[in-house]
Amino acid sequence: MLESYPMFKKPKFLLVAIALLLTAFVPRFKQRTVWMMGDSTMAIKERNKFPETGWGVPFATLFKKDIRVENRAKNGRSTRSFIDEGRWKEIYDHLNAGDYLFIQFGHNDEKTNKPKVGTSLAAYKANLAMFIDKAREKNAIPVLLTPIVRRHFENGTLVDTHKGYPEAMRVVADSLQVPLIDLTLKTTELLEGMGEKKSMDLFLHLKPGHENYPEGVQDNTHLNMEGAQAVADLVAQGLKESQLALAEDLK
Numbered sequence: 033m034l035e036s037y038p039m040f041k042k043p044k045f046l047l048v049a050i051a052l053l054l055t056a057f058v059p060r061f062k063q064r065t066v067w068m069m070g071d072s073t074m075a076i077k078e079r080n081k082f083p084e085t086g087w088g089v090p091f092a093t094l095f096k097k098d099i100r101v102e103n104r105a106k107n108g109r110s111t112r113s114f115i116d117e118g119r120w121k122e123i124y125d126h127l128n129a130g131d132y133l134f135i136q137f138g139h140n141d142e143k144t145n146k147p148k149v150g151t152s153l154a155a156y157k158a159n160l161a162m163f164i165d166k167a168r169e170k171n172a173i174p175v176l177l178t179p180i181v182r183r184h185f186e187n188g189t190l191v192d193t194h195k196g197y198p199e200a201m202r203v204v205a206d207s208l209q210v211p212l213i214d215l216t217l218k219t220t221e222l223l224e225g226m227g228e229k230k231s232m233d234l235f236l237h238l239k240p241g242h243e244n245y246p247e248g249v250q251d252n253t254h255l256n257m258e259g260a261q262a263v264a265d266l267v268a269q270g271l272k273e274s275q276l277a278l279a280e281d282l283k
């Protein structure tokens, strides 16, 4: 049979043919994805918002090429609006086993005066629990991140403005045994260490005359490029502290 074909008489060709046959039954390496869902402090910005920068932008550059980052965070979103607008379903439909799901909400959930955005603490916890349960159904790995602190100083002291939402997320993380990166705590320590004046360098503060902000801007919620990088580094630090396998894929 095969002996009738001269090419198959060569040992080298046989080895190559066998190798190709075997590799046909070996599953190809699948690139893992880190899905990011959250609000403006994490999101990718439009060009006309520069230098406003979500921390998810520099965070995506911290990984080796085997990791793909899908940043689906959006300005002004809460757990509620993310669900209602179909943004959560879009992520869920593409979530695969081994993927990571980063969840950072709170900045807008606390705005209970806005009925399409605000959520009660109970609803906030229920929404987080749903994200976690659904991710685990697909054998994905959920990671909770408390919201970054606002730069709100009173008499030289940094004041928490998040109305119990970071603590609510901590409770969910503890009860459901979910990895938690406490960005509220980490950014509080960062800003307190820098002080009221110096910490301004991390946020969107511009004098009049900028092409995107001709009248200037004083924004103590949204980060600039330097602030986004600082927070991204804190998240990377949190990955290592949590001993998540994903930390091994950092550059």
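First residue of the sequence shown: 33, per the numbering used here; consecutive thereafter. Beta carbons: idealized from backbone N, C-alpha and C, even for Gly.
Under the three-state DSSP convention, the category residue i falls into
i: Phe57; result: In this prediction, Phe57 has a pLDDT of 38, which is less than 50 and means its spatial position is unreliable; what the coordinates show is noted afterwards. Of the three classes helix, strand and coil, the one that applies to Phe57 here is coil, per DSSP.
i: Leu52; result: Bear in mind that the predicted position of Leu52 carries a pLDDT of just 39, short of 50, making it unreliable; the figure below should be weighed with that in mind. Residue state, collapsed to three classes: helix.
i: Met74; result: coil
i: His254; result: strand
i: Ile180; result: coil
i: Arg64; result: strand
i: Val249; result: strand
i: Phe137; result: coil
i: Glu221; result: helix
i: Phe95; result: strand
i: Leu215; result: helix
Check: residue i C-beta below 6 Å from any heavy atom of the ligand COA
i: Ile123; result: With respect to the ligand COA, the structure offers nothing, as it holds no ligand at all.
C-alpha gap between residue i and residue j, whole angstroms
i: Tyr132; j: Pro246; result: 40 Å
i: Gln209; j: Phe114; result: 23 Å
i: Ser72; j: Lys81; result: 11 Å
i: Ser207; j: Phe91; result: 28 Å
i: Asp265; j: Asn140; result: 24 Å
i: Leu284; j: Leu271; result: Here the chain comprises residues numbered 33 to 283, so residue 284 is not present and cannot be evaluated.
i: Ser152; j: Ile99; result: 35 Å
i: Leu223; j: Gln136; result: 19 Å
i: Gln250; j: Leu238; result: 7 Å
i: Gly130; j: Glu122; result: 17 Å
i: Leu212; j: Val267; result: 10 Å
i: Leu234; j: Asn252; result: 9 Å
i: Arg104; j: Arg202; result: 23 Å
i: Thr216; j: Arg182; result: 9 Å
i: Asp125; j: Gly118; result: 11 Å
CA nearest to the CA of residue i, picked from the options
i: Ser231; options: Val267, Leu255 and Arg112; result: Leu255
i: Met226; options: Ala200, Leu190, Ser207 and Met162; result: Leu190
i: Ala262; options: Asn187, Gln136 and Glu221; result: Glu221
i: Ala154; options: Asp165, Lys148 and Glu142; result: Glu142
i: Val89; options: Trp67, Gly108, Leu127 and Arg109; result: Trp67
i: Thr85; options: His126, Gly259 and Asn244; result: Gly259
Beta bridge counterpart(s) of residue i as assigned by DSSP
i: Val191; result: DSSP lists no partner for Val191.
i: Arg100; result: Thr65
i: Arg235; result: The residue you asked about is not Arg; residue 235 is Phe in the sequence shown. According to DSSP, Phe235 bridges with Leu255.
i: Thr115; result: What sits at residue 115 in the sequence shown is Ile, not Thr. Its beta-bridge partners do not exist; DSSP assigns none.
i: Phe185; result: Leu190
i: Leu127; result: DSSP output for Leu127 lists no bridge partner at all.
Exercise. Which runs of the alpha helix (DSSP H) fall wholly inside the region 136-177 and span at least 4 residues, in chain order?
Worked result: Taking only runs of at least 4 residues, the alpha helix (DSSP H) segments lying wholly in the region 136-177 are 153-169.
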